[in-house]
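*Asks:*
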Amino acid sequence: MGTYLVTGAAGFIGANVAARLLAEGHTVVGVDNLNDAYDVRLKQWRLQQLQPHNAFSFTHTDIGDLAALQSLFEAHRFDAVINLAARAGVRQSVRNPWVYMETNATGTLNLLELCRQHGVGKFVLASTSSLYGRHNPMPYREDADTNSPLSPYAASKKAAEVMAYTYHYLYGIDVSILRYFTVYGPAGRPDMSLFRFVQWIAEGKPVVVFGDGQQSRDFTYVDDIARGTIAALRPLGYEIINLGSDTPVVLMDAIRLVERLVGRPAQLVHREAHPADVRATWADISKAERLLGWRPHTSFEEGVANLVRWYQENRDWASQIETGV
Numbered sequence: 001m002g003t004y005l006v007t008g009a010a011g012f013i014g015a016n017v018a019a020r021l022l023a024e025g026h027t028v029v030g031v032d033n034l035n036d037a038y039d040v041r042l043k044q045w046r047l048q049q050l051q052p053h054n055a056f057s058f059t060h061t062d063i064g065d066l067a068a069l070q071s072l073f074e075a076h077r078f079d080a081v082i083n084l085a086a087r088a089g090v091r092q093s094v095r096n097p098w099v100y101m102e103t104n105a106t107g108t109l110n111l112l113e114l115c116r117q118h119g120v121g122k123f124v125l126a127s128t129s130s131l132y133g134r135h136n137p138m139p140y141r142e143d144a145d146t147n148s149p150l151s152p153y154a155a156s157k158k159a160a161e162v163m164a165y166t167y168h169y170l171y172g173i174d175v176s177i178l179r180y181f182t183v184y185g186p187a188g189r190p191d192m193s194l195f196r197f198v199q200w201i202a203e204g205k206p207v208v209v210f211g212d213g214q215q216s217r218d219f220t221y222v223d224d225i226a227r228g229t230i231a232a233l234r235p236l237g238y239e240i241i242n243l244g245s246d247t248p249v250v251l252m253d254a255i256r257l258v259e260r261l262v263g264r265p266a267q268l269v270h271r272e273a274h275p276a277d278v279r280a281t282w283a284d285i286s287k288a289e290r291l292l293g294w295r296p297h298t299s300f301e302e303g304v305a306n307l308v309r310w311y312q313e314n315r316d317w318a319s320q321i322e323t324g325v
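For the sequence shown, the positions run 1 to 325 when full-length UniProt numbering is used.
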């Protein structure tokens, strides 16, 4: 069994990865700064699911704090680092690009440098489908040109990817970079469309749709993402791998599904499309199949039904979560 550092352990993907590692019998050291980028109650709820495990320990710190991370690396011998701590979100990054570079780029550099110093040979980095843009043919392949990011978020993730390659080249660190495609599921991020749609429709709030609603997203269920992330712990050298559903869903179709599952009609409000948003995302996942033996198992309808069920079970506080627009 291994010992793994999971950063962003109170985050949506991080908590699910940590839970899966613990279920497999591994030891997990979790790190998270519990920032208020979105309602901290969600992060605390996820942490509460992990803390009964004896093999889980948690440190409240920021990956931008090199000295605090140094102490963790001195206290543990990690088999790998899984860096899932990130500032995420396209639109928010346009408003405050600095925090995105500090966490996503400098934080990744801190972890890579500590892996070098302490002989940690495996590094898994969360990246994003937001690196792909309008000029890339679909479905998006990992060898597409990603040198023209459309948002500071995407630019900061590109910086992290490139720095990870440098550490692979100079020091032989084995690096798996995972480009996630629109992850959703129970206790997900409230700035993501599916959490919003479930809350807004369940509570009779206006459902804000940017553009005509015909844009499509490669929605990927969080359990599938966690499984693929752990599969990427195997030795690969340096690889960038898409994790997506390979089945894009039109936004209006997603809203109609939520309406049916919640049992209420949506009150649609259309707004102008955001310039940092792409019209569609669609992952080519043939590389994940080849290198990781991975394909998603959860259908979109099943995944959204799980999200709706979780929301209804936690509605007393989930209904109060600020979702923004």
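C-beta: ideal position from N, C-alpha, C; glycine also.
In angstroms with no decimal places, state the Cα-to-Cα distance between Pro137 and Gly2.
*Replies:* Distance between the alpha carbons of Pro137 and Gly2 is about 39 Å.
*Asks:* Going by the CB atoms, is the gap between Arg46 and Arg227 shorter than 8 Å?
*Replies:* Not in contact: Arg227 and Arg46 (Cβ atoms no closer than 8 Å).
*Asks:* Since Ser176 is in the beta strand (DSSP E), which residue starts that stretch and which ends it?
*Replies:* Counting along the chain, the beta strand (DSSP E) containing Ser176 begins and ends at 174-180.
*Asks:* How about Ala154 and Leu131: do their beta carbons lie closer than 8 Å?
*Replies:* Contact: yes.
*Asks:* Pick out whichever of Gln51, Asn54, Gly64, Ile225 has its Cα sitting closest to the Cα of Leu114.
*Replies:* Ranking Gln51, Asn54, Gly64, Ile225 by Cα distance to Leu114 puts Gly64 first.
*Asks:* By a C-beta neighbour count over all protein chains shown, 10 Å radius and 16 as the cutoff for buried, is Pro248 buried or exposed?
*Replies:* Classification of Pro248: buried, given that the 10 Å Cβ count is 16 or more.
*Asks:* Could you give the first and the last residue of the continuous alpha helix (DSSP H) run that contains Glu203?
*Replies:* Element bounds for Glu203: n/a, residue is neither H nor E.
*Asks:* Output the distance between the C-alpha atoms of Leu84 and Leu243, rounded to the nearest integer angstrom.
*Replies:* Straight-line Cα distance between these residues: approximately 14 Å.
*Asks:* So does the region 119-129 actually touch the region 255-268, counting three or more Cβ pairs closer than 8 Å?
*Replies:* Segments in contact, no.
*Asks:* If you run the structure through DSSP and keep just helix, strand and coil, what is Ile240?
*Replies:* Strand, per DSSP.
*Asks:* For Val209, collect the residues of the same chain with a Cβ closer than 8 Å to its Cβ; drop the 5 residues on either side in sequence, then sort them by chain order.
*Replies:* These residues qualify, in order along the chain: Leu251, Met252, Ile255, Leu268, Val269, His270, Arg271.
*Asks:* Determine the burial state of Tyr169: buried for a count of at least 16 other Cβ atoms within 10 Å of its Cβ, exposed for fewer.
*Replies:* Exposed is the call here.
*Asks:* Under 8 Å between the Cβ atoms of Ala88 and Ser156?
*Replies:* Contact: no.
*Asks:* Can the beta-carbon of Leu291 be found closer than 8 Å to that of Ile241?
*Replies:* In contact: Leu291 and Ile241 (Cβ atoms closer than 8 Å).
*Asks:* Would you decide whether Asn110 is buried or exposed? Buried here means 16 or more other CB atoms lie within 10 Å of its CB.
*Replies:* Counting Cβ neighbours within 10 Å, Asn110 comes out buried, since at least 16 surround it.
*Asks:* When the distance is taken between beta carbons, is Gly213 closer than 8 Å to Gly303?
*Replies:* Contact flag unset, no.
*Asks:* Can you give the Cα-Cα distance for Asp49 and Val90, rounded to whole angstroms?
*Replies:* The sequence as given places Gln at residue 49; Asp does not occur at that position. If I take the Cα positions, the gap works out to 28 Å.
*Asks:* Whose C-alpha, out of Asp246, Gly172, Val262, Ala288, is nearest the C-alpha of Thr229?
*Replies:* Closest option to Thr229, Cα to Cα, is Ala288.
*Asks:* Around the Cβ of Pro296, are there at least 16 other Cβ atoms within 10 angstroms (buried) or fewer (exposed)?
*Replies:* Buried, because 16 or more other Cβ atoms sit within 10 Å of the Cβ of Pro296.
*Asks:* So Ser57 is in the beta strand (DSSP E); what residue range does that whole segment cover?
*Replies:* 56-60 is the span of the beta strand (DSSP E), which, as asked, contains Ser57.
*Asks:* Within the same chain, show all residues whose beta-carbon is closer than 8 Å to that of Gln51, passing over the 5 residues directly before and after it, in chain order.
*Replies:* Excluding positions up to five away in sequence, the list reads Phe58.
*Asks:* Could you tell me which residues DSSP pairs with Ala125 in its beta bridges?
*Replies:* A small correction: the amino acid at residue 125 is Leu; Ala does not occupy that position in the sequence shown. Answer is Asn83, Ile177, bridged to Leu125.
*Asks:* Ser193: which of Thr7, Val207, Ser148 sits nearest, CA to CA?
*Replies:* The candidate whose alpha carbon is nearest that of Ser193 is Val207.
*Asks:* With a threshold of 6 Å on Cβ separation, who are the neighbours of Trp294 within its own chain once the five nearest residues in sequence on each side are excluded?
*Replies:* Around Trp294: Gly228, Ala231, Ala288.
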